[in-house]
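**Student:**
There are 2 protein chains.
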Amino acid sequence: MSTSNLQHLYSKSACCAVPSAIREINKLVDLPGMKSLAGGWPDPAVFPGQEIIRITNKLLKNKAGKALQYGATEGVTELRQELAHLAADRYGIACDLDHIVITAGSAQGMDLACRVLINPDDVVFVGLPTYFGGTGAVMAACGQLQGVAVDDNGLNTRQLEDQLQRLKKNGQQVKGVYVIPNFQNPTGTTLSLERRQHLVELAEHYDLVIFEDDPYGDLRFEGDHLPPVISLDAHGRVVHMRSMSKTFAPGLRVAWTIGPPEMIRKMVVAKQFIDVATNSLAQYILLEFIRSGQWAKRVQLNNQHYKRKRDFMLVQLAAHFPEQVQWNQPDGGFFIFIQLPQTIDAANLLAEAIEHNVAFVAGEPFFIDGSGAHTFRLSYSQSGETVIAAAVAELGKLIKKRLK
Amino acid sequence: MSTSNLQHLYSKSACCAVPSAIREINKLVDLPGMKSLAGGWPDPAVFPGQEIIRITNKLLKNKAGKALQYGATEGVTELRQELAHLAADRYGIACDLDHIVITAGSAQGMDLACRVLINPDDVVFVGLPTYFGGTGAVMAACGQLQGVAVDDNGLNTRQLEDQLQRLKKNGQQVKGVYVIPNFQNPTGTTLSLERRQHLVELAEHYDLVIFEDDPYGDLRFEGDHLPPVISLDAHGRVVHMRSMSKTFAPGLRVAWTIGPPEMIRKMVVAKQFIDVATNSLAQYILLEFIRSGQWAKRVQLNNQHYKRKRDFMLVQLAAHFPEQVQWNQPDGGFFIFIQLPQTIDAANLLAEAIEHNVAFVAGEPFFIDGSGAHTFRLSYSQSGETVIAAAVAELGKLIKKRLK
């Protein structure tokens, strides 16, 4: 098996795809001694390892024949039932079995939604900035991205409306909007209730689908939960991706997506030819973890843990970053977004930081229009306090040096 | 969340997708009392439940932080290394790390390959009949399918050559060929060495990619293993999907695909936006299962088990089916393919069989040209001998009744 030049054989989708900047930086982060605030992975210190051992032993003793066998493409029925209850009780999303498909991470929910909804050149609006996993899924379906500003109240729906109007005048059809409503990646901001309602109105008026990606919604440290966009929609225009990766165990790759039954049905048919079904063992473990009440407890404990880490990072930032630098105070999630003075380039700063064994994610890859050169993302989720303190102090020094 | 009529919003890919006939029949099969020879799932009796408990306990005690965390998109490095050795030692496929991506079942390998290689309307040749998981992945990428006969030596490459020539004369470009080289689903036939070589020649001559789907290759009960098509190719034109689902535990959804490094790299980039990474815990369990030598032993034991079941079914068929019915004697795998006389319609027979609590898969969905009305697939993999005996006897009766 040699490697001829067969570039001409690759698909348009393969050519649209750009390697994820975060996945690439993760390779650097693994270098020994690196103090990383880059990865938005959860803290292994709060993984429920003991509980999973206990559940797995019981499962494999009593129902190995099911837990190790292929399962239904839509997911384990009992788990979907449990999640339908959770959706109603916890999130105010009225739904039953037919509204739910179990996915391999919420990323797969987004990918399935893009597959069944996006044709080549369909326009999808996304935040400036936004998570490039979401934009990557749109690009893999050869969709076209357009940007809308994100401010302290999330995606600016007023600006979105202007752009939709403009495109409509030009005869251009828009397919949808991708939004991370809670503690957005990378800005940490939350979409206000008013804007959630506005977004739903816009979707109905302009015949759009809303891709609501909510991996961080459970990680609220303070303030009240806002109703999910899907709960405000009366027309079946929202597909809502949830994750268990931040509150359970990301390595088990089990998540769920809620949507109107006919959309979920199409996603299930697509999934038959993508991976047949999601890992059965992981689904049964999660089912037991939720049923026994451990998941709800774990979310509370984790939130105390991450709140402490957020507070710690905010104290460090205040102590070490100069006043010309700005950042937000997120009410939950994993991220703080940094605005540098216009004289400092974040990619450039990152290169120097890595020489000093400090890593973060520069902002630019989050902006589909190539802006964001003076921004970067810090995550307090994964590293311990010692690393956070040392990394922020070092970054403060490097920034101050550039301000001289 | 109500359900408006939003049919116009769905993509061409969603409209191309047809629900898998097997996944649909599986729902019937779950009915109490059903004697099923339909599903091609492995026998839970040979799942390594005890070994998996032991490995999981050790893993979650010693490395929960890794086994429950997100991993690299291409898969756990140590597992890819182990599989590269396996590929070389066991299958004669020279490869290293860069040639391997870990996938969520071999279905995902096929899906990734289709995503990075198939543009809408690209032509892909498939067997008449062939597995509809493979054709489904091509259809999801909006590729066009063309059929080639399958006989006792597998895909008829002579006929394929004629068709390639004809299409070339018409100026039509063909992208590739999908082939299941060993104990094909649904016919149980194996592609001869001569045809494997011919296929590789055709790929180079007509500028094609070969999608080599080999989930059953390890399940050879007798005779010598034939070299995989990928091992005969010198130009990087073959993507080779392997499965662990038939020899380990399908519910863990861990498989691997081998291909030229630049193709694997493109598949990894696509996978970043599909599911981020394959289940870490499942990968570490499989790694330990292979390293400790248990996998190799398990393959041997399983093959003895499935050989007994195959032999048993062949005896039952000889005893109960009338002489006007024909079938093959596969050297491995899970399937026996039945040819009925032209007067008997298999879908019709299936409807009556289900009334008698017997299930199988009618042949038609395996034929992309809609032929195969007088064929059906039996599987000896999943059911026990009592069920096999009763189901074959009942089917024999129903067929004989129709011959009167």
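Protein sequences appear in the order of chains A and B. Start counting the first sequence at 202; every next residue gets the next number (my numbering). Start counting the second sequence at 202; every next residue gets the next number (my numbering). Glycine included, every Cβ here is placed at the ideal spot set by N, Cα and C.
#1: What are the boundary residues of the beta strand (DSSP E) that B/Y211 is part of?
#2: Pull up the DSSP beta-bridge partners for A/V173, would you.
#3: Starting from A/M442, trace the beta strand (DSSP E) both ways and give me its first and last residue.
#4: First and last residue of the alpha helix (DSSP H) that includes B/R492?
#5: Mind pulling the chain B residues with CB within less than 9 Å of A/S444?
#6: Under 8 Å between C-beta atoms, does A/P245 make it to chain B?
#7: Which residues in the same chain as A/P531 place their Cβ atom closer than 6 Å to its Cβ, once the five residues preceding and following it in sequence are excluded?
#8: Quick check on A/A574: does DSSP put it in helix, strand or coil?
#9: If you follow the beta strand (DSSP E) that A/E423 is part of, which residue opens it and which one closes it?
#10: Judging by CA-CA distance, which residue of A/N263, A/L409, A/I431, A/S393 is the nearest neighbour of A/Q373?
#11: Pick out the complete alpha helix (DSSP H) segments inside the segment 238-307 of chain A, 4 residues or longer, and give them in chain order.
#12: Whole alpha helix (DSSP H) runs in the segment 499-571 of chain B with 4 or more residues, listed along the chain?
#13: Going straight from the alpha carbon of A/A591 to that of A/A520, what length do you get?
#14: Which residues of chain A have a Cβ atom closer than 7 Å to the Cβ of B/G250, listed in chain order?
#15: When the Cα atoms are used, what is the spatial distance from A/Q360 to A/G328?
#16: Under 7 Å between beta-carbons, which chain B residues line up against A/Y211? List them in chain order, please.
#17: Tell me the DSSP secondary structure of A/D231 in three-state form.
#18: Less than 8 Å separating the beta-carbons of B/A285 and B/L298?
#19: Starting from the C-beta of A/H441, find all residues in its chain whose C-beta is less than 8 Å away, skip the five residues before and the five after it, and write them out in chain order.
#20: Measure the alpha-carbon distance for A/P381 versus A/M464 and round it to whole angstroms.
#21: Return the residue from the list B/A563, B/A478, B/D290, B/K447 that minimises the CA-CA distance to B/P243.
#22: Is it true that the segment 463-482 of chain B meets the segment 304-312 of chain A, where meeting means three or more beta-carbon pairs spaced less than 8 Å apart?
#23: Since I believe A/Y379 is in contact with A/V317 (beta carbons under 8 Å), could you give me their beta-carbon distance rounded to a whole number of angstroms?
#24: If you reduce the DSSP assignment to three classes, tell me which class A/V410 lands in.
#25: Which bits of chain A does B/I491 rub up against, with CB to CB less than 9 Å?
#26: For A/I589, list the residues DSSP reports as bridge partners.
#27: When you compare only the Cα positions, how much space is there between B/Q347 and B/N357?
#28: Anyone know if the C-beta pair for B/F422 and B/N480 falls short of 8 Å?
#29: Would you please verify whether the beta carbon of A/F474 is less than 8 Å from any beta carbon of chain B?
#30: For chain A, check one thing: does any of its Cβ atoms lie closer than 8 Å to the Cβ of B/G571?
#31: Does any heavy atom of the ligand HEM sit closer than 7 Å to the C-beta of B/R438?
#32: Determine the extent of the alpha helix (DSSP H) in which B/T336 is found, giving its start and end residues.
#33: Compare the Cα-Cα distances from A/A314 to each of B/K213, B/N263, B/I411, B/M445 and report the closest residue.
#34: Between the segment 424-438 of chain A and chain B, which residues of the former have CB atoms less than 9 Å from a CB of the latter, in chain order?
#35: Closest to B/A215 by CA distance: which of A/E489, A/V470, A/E279 is it?
#36: Does the distance from the CB of B/Q364 to the CB of B/V351 come in under 8 Å?
**Tutor:** Short version:
#1: If you number the second sequence from 1, residue 211 of chain B lands on position 10. Where B/Y211 is concerned, there is no enclosing beta strand (DSSP E), given that its DSSP letter is neither H nor E.
#2: No information on residue 173 of chain A is available, as it lies outside the stretch 202 to 605 that chain A covers here.
#3: To locate residue 442 of chain A, count along the first sequence from 1; it is residue 241. Segment 439-444, the beta strand (DSSP E) holding A/M442.
#4: Counting from one through the second sequence, the residue named residue 492 of chain B turns up at place 291. Start and end: 481-492.
#5: Numbered from its first residue, the first sequence carries residue 444 of chain A at position 243. What A/S444 touches in chain B: nothing, since even the nearest Cβ is about 11 Å away.
#6: Translated into the one-based positions of the first sequence, residue 245 of chain A becomes position 44. Proximity of A/P245 to chain B, defined by a Cβ-Cβ separation below 8 Å, is satisfied.
#7: Taking the first sequence and counting its residues from 1, one reaches residue 531 of chain A at position 330. Hits under 6 Å: F384, G389.
#8: Here residue 574 of chain A refers to the residue found at position 373 when the first sequence is read from its first residue. DSSP places A/A574 in coil when its eight states are reduced to three.
#9: Residue numbering aside, residue 423 of chain A sits at position 222 when the first sequence is read from its first letter. Premise fails: A/E423 is in no beta strand (DSSP E) and is neither H nor E.
#10: Stepping through the first sequence from its first residue, residue 373 of chain A is reached at position 172. Nearest of A/N263, A/L409, A/I431, A/S393 to A/Q373, Cα basis: A/L409.
#11: 250-263, 265-268, 278-292
#12: 547-556
#13: What you label residue 591 of chain A is simply residue 390 of the first sequence in a count that begins at 1. What you label residue 520 of chain A is simply residue 319 of the first sequence in a count that begins at 1. Near 12 Å, if we compare the C-alpha coordinates of A/A520 and A/A591.
#14: Counting from 1 along the second sequence, the entry for residue 250 of chain B is found at position 49. Result: L261, A265, L269.
#15: As a working note, residue 360 of chain A is residue 159 in the first sequence. As a working note, residue 328 of chain A is residue 127 in the first sequence. If you draw a straight line from the Cα of A/Q360 to the Cα of A/G328, it is about 11 Å long.
#16: If you number the first sequence from 1, residue 211 of chain A lands on position 10. Result: V317, L318, K467.
#17: Residue 231 of chain A sits at position 30 when you count from the first residue of the first sequence. If DSSP states are grouped into helix, strand and coil, A/D231 belongs with coil.
#18: For the purposes of this step, residue 285 of chain B is identified with residue 84 of the second sequence, where counting begins at 1. For the purposes of this step, residue 298 of chain B is identified with residue 97 of the second sequence, where counting begins at 1. In contact: B/A285 and B/L298 (Cβ atoms closer than 8 Å).
#19: One-based indexing of the first sequence puts residue 441 of chain A at position 240. Counting only Cβ-Cβ distances below 8 Å, and skipping sequence neighbours, we find I294, E413, D415, P429, V430, I431, T458, I459, G460.
#20: Here residue 381 of chain A refers to the residue found at position 180 when the first sequence is read from its first residue. Here residue 464 of chain A refers to the residue found at position 263 when the first sequence is read from its first residue. Here residue 381 of chain A is Ile; the residue named in the question, Pro, does not match the sequence. A/I381 and A/M464: Cα-Cα distance of roughly 20 Å.
#21: The residue given as residue 243 of chain B occupies position 42 in the second sequence. Taking only the C-alpha atoms, the option nearest B/P243 is B/K447.
#22: yes
#23: Reading the first sequence from its first residue, position 116 is the one you call residue 317 of chain A. Reading the first sequence from its first residue, position 178 is the one you call residue 379 of chain A. About 15 Å; that fails the 8 Å criterion.
#24: For the purposes of this step, residue 410 of chain A is taken as the residue at position 209 of the first sequence. If DSSP states are grouped into helix, strand and coil, A/V410 belongs with the strands.
#25: Taking the first residue of the second sequence as position 1, residue 491 of chain B is located at position 290. Within chain A, no C-beta atom comes nearer than 9 Å to that of B/I491; the closest sits roughly 16 Å away.
#26: Mapped onto the first sequence, residue 589 of chain A falls at position 388. Under the DSSP definition of a beta bridge, A/I589 lacks any partner.
#27: Here the question's residue 347 of chain B lines up with position 146 in the second sequence. Here the question's residue 357 of chain B lines up with position 156 in the second sequence. Approximately 13 Å between the Cα atoms of the pair.
#28: Position 221 of the second sequence holds residue 422 of chain B. Position 279 of the second sequence holds residue 480 of chain B. No, the Cβ-Cβ distance between B/F422 and B/N480 is not below 8 Å.
#29: Sequence index remark: in the first sequence, residue 474 of chain A carries index 273 (1-based). At least one chain B Cβ lies under 8 Å of A/F474.
#30: The count along the second sequence starts at 1 and reaches residue 571 of chain B at position 370. Not closer than 8 Å to any Cβ of chain A, the Cβ of B/G571 fails to qualify, so no.
#31: The ligand content of the structure shown is nil, which means the ligand HEM is not present either.
#32: Numbered from its first residue, the second sequence carries residue 336 of chain B at position 135. Segment 333-341, the alpha helix (DSSP H) holding B/T336.
#33: Taking the first residue of the first sequence as 1, we reach residue 314 of chain A at position 113. It is B/K213.
#34: I431, S432, D434, A435, H436, G437, R438
#35: Locating residue 215 of chain B in the second sequence gives position 14, counting from the first residue. Closest option to B/A215, Cα to Cα, is A/V470.
#36: In the second sequence, the residue the question calls residue 364 of chain B occupies position 163. In the second sequence, the residue the question calls residue 351 of chain B occupies position 150. Note that the C-beta distance between B/Q364 and B/V351 is not below 8 Å.
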